[in-house]
Amino acid sequence: MTRISVRVDGASYDDDVEPRTLLVHYLREQLGKVGTVVGCDTSNCGACTVHLDGEAVKSCTVLAVQADGAEVTTIEGVAGDGSGNGQLHPMQKAFHEMHGLQCGYCTPGMIMASLDLVKENPDPSEDEVREGIEGNLCRCTGYQNIVRAVQQAAAEMRGSDGNGNGHVAPAEVDTAAAPHVVGQA
Amino acid sequence: MTAVEERTGTTPGPEKEIGKARRRKEDARLITGKTTWTDNMVLPGMLHLAVVRSPVAHARITHVDVSAVREAPGVIAVFTGSDLAEEQGSLPCAWPVTPEMVNPGHPSIAVDQVNHVGEAVAVIVARSKTAAQDAVELADIDYEPLPVVLDMEEAVADGADLVHDHLESNTSYHFVFDAGEMGTGSDTDQAFADADVVVSRRLIQQRLIPAFMEPRSVVVQPQGDNYTMWSATQIPHILRVMAAMVTGIPEHKLRVVAPDVGGGFGGKLQVNPEEILCLLIARRLGKPVKWTETRSESLMTAHHGRDQIQYVDIAADREGNLKGLRVRLLADMGAYLRLITPGVPALGAFMYPGIYKFPAYRFECDGVFTNKVPTDAYRGAGRPEATFAIERIMDELAVELGMDPLELRRKNWINADEFPFTTVAGLAYDSGDYETATQQALELLGYDELRAEQQRRRESGDRVQLGIGISTFTEMCGLAPSRVLGSLSFGAGGWEHAAIRMLPTGKVEVVTGSTPHGQGHETAWSQLVADSLGVPFEDVEVLHGDTAISSRGLDTYGSRSLVVGGSAVVKAADKVIAKARKIAAHLLEASEDDLDFEAGKFSVRGTPGTGLGIQEIALAIFAAHNYPEGIEPSIDAEATFDPENFSFPHGTHLCAMEVDTETGFVKIRKYACVDDVGTIVNPLIVEGQVHGGLAQGIAQALYEEAVYDADGNLTTGTFVDYLVPSANDLPHFDTGNTVHSAPGNPIGAKGVGEAGCIASTPAVVNAALDAVRHLGVTDIRMPLTPERVWRAIHRGGDGGDRATAGSNAYGGAQTETTAGVSTDASSLGGDR
């Protein structure tokens, strides 16, 4: 057993862990942070993505001991002031507004990866979003509404004046709410 | 792109919820991580299971020694096949498609023989999941190899090796639908004999894996002689009945709960071996147990989909009038028959004629056993295969006739003024307009411009060629009329149940027997009830997925939830209003006949200012101080809806595809589709379902295939090798709708869950072929990997088998369980 000290979603923890324990298993099983989920064994799906000292990592490829002394943010700590309670983060809100989720299993990881993407690129184009989240798999949505959500959140996060760098402002993106009905029999 | 649904003739009044793009109620917990996935569950004293699985595809178990497992730290117990043989029964198969169908039985854990890689041979119970998994490799099990049966065409040949050596052959059943014999069409052989043109093709529907994102997970808690099972399942109600029948636990002593479930796509429409094993072991130990699979376990042992060889013949005259269709299938069952394994290809039998007016049709299917994991439902289940076959062969016929593929379709499809139309397969298509949907799709794609560009690229000999693929499709949804299921020998009905509980504060609980796992029932059902009862959307709570709360139900699959389950909700709401009307008449001192009900309020006709809200009535009847004699003090109601017909969504899907003739790389340039799914309750959810379906249908065409090597090892056992597409692998979709409401249900909905998945696959393959047909290519086998496309262009044929283990092109990775297993037959996998 190895002693680690971590801060997770604003609270401090001192715990003994087996050296082989993965961060995701530490979060889920020892801390009860079950908002972060496991989707594969090979770091392909990204469902377990969290932030480690502000960087997105797949928590199934990080050992808990590697998080010693670090600050971890999970989906449960994104809203409000970091406590997870209170107002939704713009990224969470945009996933809701743009119907960027169906079953929701990939959503925590998708949101954490998208936050990292927008931090690096505050005004991503559709192609840049698609490339930026290619490490996260979603089986339900076909990604189109996830892309819309990330662009919408990016706009809100950089201030909603709509002065993007020439990309279509998400507010003008086909909002997904208008099927192209041509006749009602 | 901008047209929105316009409702003509609307009267002033409250805004209707149906048709509104309501944001989903479900999202609140899903975007904050406050979810209840089965694997999140922790119970006091809970033990963890790990399954020891067969590393070989076909063998007799000659020796089992688990004594070292028992001694391992943290291990509480270990069970082998012989420990559970007496009580495990057989996993159920609910669809004996013919009376003669051979079902070898399906043990949850192998006793003396294993028939596919990954079959359970022992179960370890330990204090922690890691302790259980650590002990797996301590199990000492000897296998005596048997010949491995993998190829269906070889498996049905005379003298073939047998999967089940106590059976006479590898054929489970021979299912025939002959329109001539059924009286729904003319004689097929005669039609072919008389035809000017016959085109025949052998098409391959590769094996796919549903690959839901949430791995399967089961928790069982015994409480005295009662058991509660939480499972990541699509079918808590069916699972309860079946688990009771298999284990002998009385049905009323078993409660099944599907909490938050992370996708299914048919893959969780199953009674899984591990669900039964958890129940048996919890009963033995009297302790709660949990099993959660790894992704490799999921890909290797959860049921697969598709895997058919299709021999398709189409007959026509020189002018392109269709004369007949003949389909013969070999359908891979895998090693056993699971819940609806044999029924999947049979369900497709009725859809091969598609939207066309064939005078003659014959369908035959052999269900074939192989040493692979069983196949079963995967999004579309039988209908994608049928749609692929007909839409591919229509293109081949067009080429043969020198006709435009769209013109050939138009010449033969059912016209808008011909609905309802009974097809040669005996189905009564309800409503639609194929021409309008097609016109809209052509505009959405920019068809004419792309055709012109295609011409330019062809003439200039551009290395990147462009093709346009067409798929005009329909499907049968809203499963299903119970009597029809009975006539097809299915083991259950197709009704759905709902109950509405009016709470004293006027809030409404809706209990549905349909079980969501991403479809947004909580939102859409709230919209239905808000409109029916005239209560605020926010005042409705939808309860589901727990057999103790939702006592009756047939769950979610086959695009049935809104069509059948939603209709039950509407019918229940009608009953609530009828009961409330009696109370209202009593309290308003008026005749029932003089009451109007609108926007949630009863009012006396011609007496403005009077009125009593249904939410007020809920409180009044809770108090029950003043209500009419002779009726019960409740306005709660329930309803069961059994549809009289299927519903038939249709649509036109168009794909423009670039093919690099030097590298074989294909890229979707543009994808446009117009679907008619009947009345749209929530356009946001409808569009999302179409997007998701498209992603899976395109993935079949371009990326996904479950590959077995010559020994029967799954070489696509991780997400490294099984290529579920990422955002970067898929295009933007341009989607649209026409609306012809379904006459068969009170909502007018047709179902949308499977449309995109069914329609898109042939559009994509037709597009690729259209791009390179002038280079002599007539077929490319799915998935259209660069290697196959290149080979088809430069070497001829269909591009051939996919490279498997031994070639790094597709990983050829081995899973933990298959490591080190090889035989002389490992020609493809020899040099891992």
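Residue numbers (my numbering), protein chains in the order written: chain L, 8 to 192; chain H, 4 to 835. Ideal Cβ positions, reconstructed from N, Cα and C, are used throughout, including at glycine. Model, not experiment: these values are computed from the prediction.
At least one CB atom of chain L sits nearer than 9 Å to the CB of H/L33.
Residue environment: H/L531 is assigned as buried (16 or more neighbouring CB atoms within 10 Å of its CB, all protein chains considered). Just so you know, the alpha carbons of H/A431 and H/V572 end up roughly 25 Å apart.
For the pair of segments examined, the stretch 239–259 of chain H was found to touch the stretch 270–278 of chain H: the number of CB pairs separated by less than 8 Å reaches three. Residues A86 of the same chain have their beta carbon placed closer than 7 Å to that of L/N92, with the five preceding and five following residues left out of the count.
A distance below 9 Å separates the beta carbons of H/D164 and H/V152. Using beta-carbon distances, H/L52 does not count as an interface residue toward chain L, since no partner is under 9 Å. Per the coordinates, the alpha-carbon of H/P345 lies some 7 Å from the alpha-carbon of H/P99.
Per DSSP, the unbroken beta strand (DSSP E) holding H/K293 starts and ends at V292 to T295.
Annotation for H/L546: E512, V513, V514, T515, I552 and S553 place their beta carbon closer than 8 Å to its own, counting only its chain and skipping 5 residues before and after.
Among the residues facing chain L, H/E90 is not included, as its CB has no counterpart in that chain under 9 Å away. Residues of chain L with a Cβ closer than 7 Å to the Cβ of H/A214 are, in chain order, R146. Cβ atoms of H/I471 and H/Q457 come within 8 Å of each other, at about 7 Å.
Secondary-structure assignment with DSSP links H/I671 through a beta bridge to H/M660. For L/G42, the neighbours in chain H by C-beta distance under 8 Å run, in chain order, T35, G36, K37 and T38.
DSSP places H/L733 outside both helix and strand once states are collapsed to three, so it counts as coil.
Of the residues assessed, H/H169 falls on the exposed side of the cut-off, its CB having fewer than 16 other CB atoms within 10 angstroms. By the criterion of a C-beta distance shorter than 6 Å, H/I617 is surrounded in its chain by L536, A583 and G603, once the five residues flanking it on both sides are discounted. For the alpha helix (DSSP H) assignment, the uninterrupted runs of no fewer than 4 residues enclosed by the stretch 505–557 of chain H are, from N- to C-terminal side, 524–536.
Rounded to whole angstroms, H/Y725 and H/L717 show a C-alpha spacing of 10 Å. In terms of CA proximity to L/V13, L/A77 leads the group L/A77, L/N51, L/V57 and L/L38. Cβ contact annotation for H/F625 (same chain, cutoff 7 Å, sequence separation greater than five): P507, in chain order. By the Cβ-count criterion, H/G227 is exposed, with fewer than 16 other Cβ atoms from all chains shown falling within 10 Å of its own Cβ. The same chain holds no residue with a CB closer than 6 Å to that of H/E635 once the five nearest residues on each side in sequence are set aside.
Those residues of the stretch 104–118 of chain L placed with their C-beta closer than 8 Å to a C-beta in chain H are E104, H106, L108, Q109, C110, G111, Y112, C113, T114, P115 and I118, ordered along the chain. Between the alpha carbons of L/C52 and H/F424 lies a gap of roughly 45 Å. Close partners of H/V264 in chain L (Cβ separation under 8 Å): C110. DSSP, read as helix, strand or coil, puts H/R365 in strand. Distances from the CA of L/R146 to each of H/L409, H/R286, H/G695 and H/G739 were compared; the closest alpha carbon is that of H/G695.
Where H/Y450 is concerned, the enclosing alpha helix (DSSP H) starts and stops at Y450 to S463. For the pair H/A129 and H/D310, the Cα-to-Cα distance works out to about 37 Å.
Spanning the alpha carbons of H/R341 and H/L482 requires a straight line of approximately 19 Å. When secondary structure is reduced to three states using DSSP, H/M336 falls in the strand class. The shortest C-alpha to C-alpha distance from L/F102 to any of H/E140, H/V662 and H/E29 is the one to H/E29.
DSSP lists no beta-bridge partner residue for H/D190.
Contact annotation: in the stretch 572–595 of chain H, no residue has its CB less than 9 Å from a CB in chain L.
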